[in-house]
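Residues 13 to 529, numbered by the working numbering, are exactly what the sequence shown covers, in order.
Ideal placement from N, C-alpha and C gives every residue a C-beta, glycine not left out.
The structure appears below as structure tokens.
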Amino acid sequence: MSSQLEKVKELIDFRAQARLGGGEKAIEKQHAQGKHAVRERINMLVDEGSFEELDMFVKHRCTNFGMDKKQFLGDGVVTGYGTIEGRLVYLFAQDFTVIGGSLSETMSAKICKVMDLAMQMGAPLIGLNDSGGARIQEGVNALAGYSEIFQRNILASGVVPQISGIFGPCAGGAVYSPALTDFVIMAKGISYMFLTGPKVVKTVTGEDVTQEQLGGAEVHATRSGVTHFVVENDRSGIELIRKLLGFLPQNNLEEPPIRENDDPIDRLEDSLNEIIPDSPNKPYDMYEVIGLIIDKGEFLEVHADFAKNIIVGFARMNGRPVGIVANQPKTLAGVLDINASRKAARFVRFCDAFNIPLVTLVDVPGFLPGTGQEYGGVITHGAKLLYAYGEATVPKVTVTLRKSYGGAHIVMSCKQLRGDMNYAWPTAEIAVMGGAGAVEVLYAKEAKESDDPAKVLSEKEDEYTKTFANPYNAAQYGYIDDVIEPRNTRFRVIRALQQLSTKKQVNPPKKHDNLPL
Ligand code: HXC
13 MSSQLEKVKE
23 LIDFRAQARL
33 GGGEKAIEKQ
43 HAQGKHAVRE
53 RINMLVDEGS
63 FEELDMFVKH
73 RCTNFGMDKK
83 QFLGDGVVTG
93 YGTIEGRLVY
103 LFAQDFTVIG
113 GSLSETMSAK
123 ICKVMDLAMQ
133 MGAPLIGLND
143 SGGARIQEGV
153 NALAGYSEIF
163 QRNILASGVV
173 PQISGIFGPC
183 AGGAVYSPAL
193 TDFVIMAKGI
203 SYMFLTGPKV
213 VKTVTGEDVT
223 QEQLGGAEVH
233 ATRSGVTHFV
243 VENDRSGIEL
253 IRKLLGFLPQ
263 NNLEEPPIRE
273 NDDPIDRLED
283 SLNEIIPDSP
293 NKPYDMYEVI
303 GLIIDKGEFL
313 EVHADFAKNI
323 IVGFARMNGR
333 PVGIVANQPK
343 TLAGVLDINA
353 SRKAARFVRF
363 CDAFNIPLVT
373 LVDVPGFLPG
383 TGQEYGGVIT
393 HGAKLLYAYG
403 EATVPKVTVT
413 LRKSYGGAHI
423 VMSCKQLRGD
433 MNYAWPTAEI
443 AVMGGAGAVE
453 VLYAKEAKES
463 DDPAKVLSEK
473 EDEYTKTFAN
483 PYNAAQYGYI
493 DDVIEPRNTR
503 FRVIRALQQL
513 STKKQVNPPK
523 KHDNLPL
């Protein structure tokens, strides 16, 4: 064999060695836990044959605690670029089979390289996380490595979409970096997120807790809201990443991708003319309304299990991606509270950052009152949503279906928060508060002094309802641009979005805003 051929063979051997990561046994262990190996994940993520790997020959430089004898080609992360539906993406995928995917200084350099490329090329960054966090043996060098990543996550925020799949037990820096990205996806039974793992928790606090209890997918989907999506396994998580990217532009200077649409834009939905129950306290399902007005009913919901009183997610209208924000009367009567405000504010800001128009469907009785909410800071958290809508410069189309009361009316993309087209159904009620509450405030004294307090209050409530429980009062001031037939909502919203597609609006120049955090 010629010496050149020998060198080529050596290269091929090195590559094979790198592709094995922590070795066949360790890969088998991953499989036994229902997890795919790192390169299997990458193959599922990108278009076939499109992946170009970088830095396969990188090795860590640590010599502490016998680490010089624990060497793996490529270290604990695979990085590179490829395409998804033909569009460029950069990615890193941590390999748990190599020292628990823990982050070394050199792994950080690999990840930072693709982050820098993603920024320069204006392409999304995808992280598949499966890591025990900072590599303990490397001490401050590992911490410095994470800091470099965090800094890039922060600078990339609002410039290119950043998506984090959590597909293993992730701790420390391996969760803070995802927390800085736009979307977090967890898979049931294999994904965990915590600042410190159960072993460290036990040592420090004495608390016995399983990975699932501490930071399983369900905990973060329903209680903390840290994860935006929960899926059955890493394969479906990766499919979701591909689907999600289909709604997003490559970067903040581009428009989201428009698909061909064969769903008629003037499709009339007669059932919407009868969907609002006669009793104002009876709920209906906002998902039905969303499903009927968007293209083919295809809705990609975000944060589906968190703060169910508000619904957010992506859809297309005449092929054009939109962000839907809708109160859900079926859960807590659609009231706004701390978690609903946080959830929707984050979504509105994402859509605004990436030029995705907002369609807001309103049926909101107000903010949830009480000490629980006040002590938890509902004023600040509610202000986040108010702020998010008020600063957003993307096209904003609002449809008020039923209730729209008080502060919640303002927050939900009202006209004065630069709502571009504000429509209402004939069933809309736009007022400072509901009838019963209003007459209690205005006529309590009069009722108390009368022989029949209940009669006084009910008469006054009727009068109040007649005056305010309609859309025409707001429409007479131009706060509502038109009262529309419910069955024609799809057409009217699409027409509004078409009209607004060239919208240009800029906020005053500033270093950055001071969003109430
Ligand atoms: C070095 C690590 C490691 C780490 C895991 N390993 N985490 N090595 N540094 N951070 C190694 C283990 O020693 C083990 O090596 C292999 O990876 C697999 O780990 P196991 O513990 O056997 O796996 P499992 O039982 O599945 O538990 C996974 C885990 C646990 C929950 C992630 O390993 C764990 O609790 N790790 C520590 C997590 C943590 O507290 N990290 C915080 C780091 S501080 P062998 O050789 O036995 O196979 C941090 C700060 C950043 O990240 C800044 C934040 C703001």
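Alpha helix (DSSP H) containing residue 7: first to last residue? Because the chain spans 13 through 529 in this model, residue 7 falls outside it and cannot be assessed.
Residue 73 burial status per 10 Å Cβ neighbour count (16 or more: buried): The sequence position of residue 73 within the sequence shown is 61, counting from 1. So residue 73 ends up on the exposed side.
Using C-beta distances below 7 Å, list every residue in its chain close to residue 455, excluding the 5 sequence neighbours before and after it, in chain order. To locate residue 455, count along the sequence shown from 1; it is residue 443. So the list reads 468, 469, 472, once near-sequence residues are dropped.
Residue 290 versus residue 212 - alpha carbon distance: Taking the sequence shown and counting its residues from 1, one reaches residue 290 at position 278. Taking the sequence shown and counting its residues from 1, one reaches residue 212 at position 200. Cα to Cα, residue 290 sits roughly 56 Å from residue 212.
Which full runs of the beta strand (DSSP E) of 3+ residues lie inside the region 334-397, going along the chain? Within the region 334-397, the complete beta strand (DSSP E) segments at least 3 residues long are 370-376, listed from N- to C-terminus.
Going by the C-beta, is residue 164 closer than 6 Å to any heavy atom of the ligand HXC? Looking up residue 164 in the sequence shown gives position 152. No.
Kindly identify the DSSP beta-bridge partner or partners of residue 115. Your numbering for residue 115 matches position 103 in the sequence shown. Bridge partners of residue 115 according to DSSP: 146.
Does the region 56-74 come close enough to the region 33-43 to have 3 or more Cβ pairs within less than 8 Å? With a cut-off of 8 Å, the region 33-43 and the region 56-74 do not count as touching, because too few Cβ pairs lie within range.
Within its chain, find whatever has a CB closer than 8 Å to the CB of residue 153; leave out the 5 residues flanking it on each side and keep chain order. Numbered from 1 along the sequence shown, position 141 holds the residue referred to as residue 153. Exclusion of the five residues before and after residue 153 leaves 74, 116, 117 as the residues of its chain whose Cβ lies within less than 8 Å of its Cβ.
Are residue 447 and residue 417 close, meaning C-beta to C-beta below 7 Å? As a working mapping, residue 447 is identified with position 435 in the sequence shown. As a working mapping, residue 417 is identified with position 405 in the sequence shown. No, Cβ-Cβ distance for residue 447 and residue 417 is not below 7 Å.
Is residue 188 near the ligand HXC, with its Cβ less than 6 Å from a heavy atom? Here residue 188 corresponds to residue number 176 of the sequence shown, with the count starting at 1. Yes; taking the cut-off as 6 Å, the Cβ of residue 188 has a heavy atom of the ligand HXC nearer than that.
Limits of the alpha helix (DSSP H) - the one that residue 188 falls within: Indexing the sequence shown from 1 puts residue 188 at position 176. For residue 188, the enclosing alpha helix (DSSP H) covers residues 185-191.
Considering only the alpha carbon of each residue, which of 80, 68, 384, 96 lies closest to residue 88? Indexing the sequence shown from 1 puts residue 88 at position 76. It is 68 whose Cα lies nearest to the Cα of residue 88.
Local conformation of residue 219 per DSSP, three classes: Counting from one through the sequence shown, the residue named residue 219 turns up at place 207. Here residue 219 sits in coil by DSSP.
Could you check how far apart the C-beta atoms of residue 192 and residue 166 are, in whole angstroms? I think they sit under 8 Å. Indexing the sequence shown from 1 puts residue 192 at position 180. Indexing the sequence shown from 1 puts residue 166 at position 154. Right, their Cβ atoms sit about 6 Å apart.
Give every residue of the same chain whose Cβ lies closer than 7 Å to the Cβ of residue 356, excluding the five residues on either side of it in the sequence, and list them in chain order. If you number the sequence shown from 1, residue 356 lands on position 344. So the list reads 322, 324, 337, 397, once near-sequence residues are dropped.
Secondary structure, alpha helix (DSSP H): runs of 4+ residues fully inside the region 458-518: The qualifying runs are 465-480, 484-487, 501-511.
N-terminal and C-terminal residue of the beta strand (DSSP E) that residue 250 is part of: Position 238 of the sequence shown, counted from the first residue, corresponds to residue 250. Element bounds for residue 250: not the beta strand (DSSP E) but the alpha helix (DSSP H), 246-257.
With a 10 Å radius around its C-beta and 16 neighbouring C-beta atoms as the bar for buried, classify residue 96 as buried or exposed. As a position in the sequence shown, residue 96 is number 84, starting the count at 1. Under this definition residue 96 is a buried residue.
Need the endpoints of the beta strand (DSSP E) that residue 90 sits in, please. Here residue 90 is taken as the residue at index 78 of the sequence shown, counted from 1. Boundaries of the beta strand (DSSP E) harbouring residue 90: 89-96, taken from the DSSP string.
Nearest to residue 42 (by Cα), restricted to the options 92, 203, 151: Numbered from its first residue, the sequence shown carries residue 42 at position 30. The shortest C-alpha separation from residue 42 is found at 203.
Top-ranked residue by Cα proximity to residue 369, from 433, 308, 386, 319: Sequence index remark: in the sequence shown, residue 369 carries index 357 (1-based). Of the candidates 433, 308, 386, 319, the one whose C-alpha sits nearest the C-alpha of residue 369 is 433.
Can you name, in chain order, every residue of its own chain whose Cβ lies under 6 Å from the Cβ of residue 29, other than the five neighbours on each side? Taking the first residue of the sequence shown as position 1, residue 29 is located at position 17. Correct list, in chain order: 85.
Can you check DSSP and say which residues form a bridge with residue 139? Taking the first residue of the sequence shown as 1, we reach residue 139 at position 127. DSSP output for residue 139 lists 104, 176 as bridge partner(s).
Under a three-way DSSP split, which group does residue 36 fall into? Locating residue 36 in the sequence shown gives position 24, counting from the first residue. Of the three classes helix, strand and coil, the one that applies to residue 36 here is helix, per DSSP.
Any non-hydrogen atom of the ligand HXC closer than 6 Å to residue 184 Cβ: Taking the first residue of the sequence shown as 1, we reach residue 184 at position 172. If you check the C-beta of residue 184 against the ligand HXC, you find a heavy atom less than 6 Å away.
DSSP three-state assignment for residue 440, whether helix, strand or coil: Position 428 of the sequence shown, counted from the start, is the residue given in the question as residue 440. The three-state reading of DSSP puts residue 440 in coil, since its state is none of H, G, I, E or B.
Flag this pair as touching only if the region 380-390 and the region 423-440 have three or more C-beta atom pairs under 8 Å; answer yes or no. Short answer: they don't touch.
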